[in-house]
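K.L.:
482 is the number of the first residue of the sequence shown in the working numbering; add one for each residue after it.
In this text, a Cβ means the ideal position worked out from N, Cα and C, and glycines have one as well.
Quick one: this structure, given as C-alpha cells, is what I'll be asking you about.
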Amino acid sequence: MSKKLTIKAALQLAQSRTESLDAQVLLGAVLKVERAYLLAHPEAVLSDDQAAQYLSQLERLAAGEPLPYLLGRRAFYDREFWVSPDVLIPRPETELLVQTAITWAQKKTKLMAVDVGTGSGALAVTFAANVPAAHVVAVDVSPAALDIARRNAEQQGVSVTFFQGDLLQPLLAANLRFDLLLANLPYIASDVVLGLDVSCYEPHLALDGGADGLDLVRQLLAQAPRLANPGALLLLEIGADQGAAAADLAQQTFPQAAVQIEPDLAGLDRMVRIQLGD
C-alpha cells in the first residue's frame, strides 16, 4: 500500500481513527508541506519512507498519543515551542497568565520576573520576548525539562536565566527577589491524575498536585513572602474547581494583598492574581 498511497488515501485512512485536522497536520509535517498543499493535491503520491512514517505515527495518534509529542512542537501565544514527553504540553488556558503579565509589565521600567515550574519554558520565553527589558528567571526541578526550556530560549533568541531546583529554593539560595511571579504548577488531585488520558503520556511530575491538587501552591506561597518585592504581582494557574480554596490560601499568606480569581475564555476559574501593595 505504501508505494501507491496518495494524500487522499492517507487522509481517508485516518477518518475513523482520529480528528481530520490532526491527520492533516500530521501528514503535512511528514511531507513538509502546508495544509493548503494537501487539499490542492489529493492525488500526490507519498514515497515509501513517507508512507511508513505517516502510518506509524497515525497508529500512535489513534492510540491517544498527543499530536504535539509526535510533531515535537506546540504553538503557544505568539510563537512555537519544542516539546517532548519530558514537559507538559502548553495549553491555551495558560496564555491568560502571560497576557496578564505582559500587560502589567508594560507599566514597569525595571523588573525581575520568575517562572516557577517552567517546563517547556513557554511562559518565561514568551514573557522575555515581549518584555525584553525584564530580567527573567525560570526554575524547574526536572533537568530534562530545563534542557527543553533552554533550547526554546535559544531558538527564540531571548535571555532567560535557568535554575534547577524545587520551587523558589534556587532564588532563596541566590538571594534573588522578584517583582513578578508566574507559576503553572501541577494542580490535579492525585486520585484524579491516574484516571486521565493525559497521564499515559504527559509527565506525572507536571500533573500531580497532591491530595487536593494544591500542595505545591501551598509550598510556593509559604516561600514567596521572603522574596517578593513591594508591589509585586503573583499569577498562579489553578484548576476550575479550586478558585475559593486558592484565594483563601493566597489571602492567608498575603493578608494585605488584593487577591482575585480570574476566569479563562470558557468562564472557568483559571488564575489566582495576587497584587501586593507598595
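1. Should P736 go down as buried or exposed, given a rule of 16 or more other Cβ atoms within 10 Å for buried?
2. With D621 and T642 assumed to form a contact (beta carbons below 8 Å), what rounded beta-carbon distance in angstroms separates them?
3. Tell me L662's beta-bridge partners as DSSP assigns them.
4. For S483, which residues from the same chain have a beta carbon less than 8 Å from its beta carbon, with the 5 sequence-adjacent residues on both sides left out?
5. Buried or exposed: T607, going by 16 or more other Cβ atoms within 10 Å of its Cβ?
6. Helix or strand or just coil, what does DSSP make of G629?
7. What residue does the alpha helix (DSSP H) around E540 start on, and which one ends it?
8. Does Q732 come out as helix, strand or coil in the three-state DSSP assignment?
9. Going by DSSP in three states, H522 sits in which element: helix, strand or coil?
10. CA-CA distance, A630 and A705?
11. Keeping to the same chain, check which residues put their C-beta closer than 8 Å to that of A726; ignore five residues upstream and five downstream.
12. Return yes when the Cβ of S601 is within less than 9 Å of the Cβ of F562, no when it is not.
13. With DSSP collapsed to three states, give me the class of P573.
14. Can you tell me which of A603, V595, L702 and I583 puts its alpha carbon nearest to the alpha carbon of L569?
15. Could you pull the start and end residues of the beta strand (DSSP E) that T642 belongs to?
16. Taking 8 Å as the cut-off, is the CB of L519 close to at least one heavy atom of the ligand PLP?
17. When you compare the CB positions of N656 and E718, do they come within less than 9 Å of one another, or not?
18. Find the nearest neighbour of L520 within the set V679, A491, Q733 and A556, judged by alpha-carbon distance.
P.N.:
Inspection of the coordinates gives the following:
1. Counting every other CB atom within 10 Å of its CB across the protein chains shown gives P736 a total below 16, marking it as exposed.
2. About 12 Å; that fails the 8 Å criterion.
3. V595 and L715
4. Model confidence at S483 stands at a pLDDT of 41, short of 50, so the residue's coordinates are unreliable; what they give is reported in the following sentence. Contacts found: L527, D529, A532, A533 and L536.
5. buried
6. In the sequence as presented, Gly is not what sits at residue 629; that position holds Ile. It is helical.
7. Going by DSSP, E540 is part of the alpha helix (DSSP H) stretching over D529 to A543.
8. helix
9. coil
10. 23 Å
11. D693 and L695
12. yes
13. DSSP places P573 within a helical segment (H, G or I) once states are collapsed to three.
14. Of the candidates A603, V595, L702 and I583, the one whose C-alpha sits nearest the C-alpha of L569 is A603.
15. T642 to Q645
16. The ligand PLP is not part of the structure shown, which contains no ligands of any sort.
17. no
18. A491
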